[in-house]
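What the sequence shown shows, in the numbering used here, is residues 16 to 130, in sequence order.
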Amino acid sequence: MGLWSNAGVFVRVWEYEVPGDRAAAFTTAYAAGGAWGELFGRAAGFLGTELFRDTARAGRFLTIDRWRNEEDWRSFLDAFGPAYESLDVQLEGLAVAERSLFEGSSEPIAPPTPA
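In structure tokens, the structure reads:
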């Protein structure tokens, strides 16, 4: 594995639709140093979160949360479930729509075997 390998890393990717008048508050909460990043950062195995703004569709954002593995994500939920739910309720309404796009781990891809 190289320095930048994501093999085995568990990621959660979410899509959000955010009205223009709520974009600043949304980016503050969902950026790496925001409320979600601070909460996730309290747990072992959290590798970081990234926030992306779509340049083609105004108000569309993606977040990618990275964990060392799925077990670390599940342990976070067990340890911080009430805080997670509370923050989710507190930030409700910043986005008018949200949906999970992906939850899973990368798998090392073996080179093809010669025929």
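Where a beta carbon is used, it is the ideal one built from N, C-alpha and C, also for glycine. Since the model is a prediction, treat every value here as computed from it, not as a measurement.
Per the DSSP secondary-structure output, TYR31 pairs in a beta bridge with PHE76, GLU113. DSSP, reduced to helix, strand and coil, places GLU122 outside both helices and strands of the structure shown, so it counts as coil.
Ranked by Cα distance from SER115, the options VAL24, GLY23, TRP29 are led by TRP29. The closest CA to that of GLY52, considering only GLU113, GLY23, TRP82, is found on TRP82.
Spanning the alpha carbons of ALA112 and PRO129 requires a straight line of approximately 47 Å. In the DSSP assignment, GLY96 falls within the unbroken alpha helix (DSSP H) covering 85-105. By the neighbour-count criterion, in which a residue is buried when 16 or more other Cβ atoms sit within 10 angstroms of its Cβ, ASP36 is exposed. Selection LEU92, ALA22, TYR31, VAL26 evaluated against GLU107 yields TYR31 as nearest (Cα-Cα).
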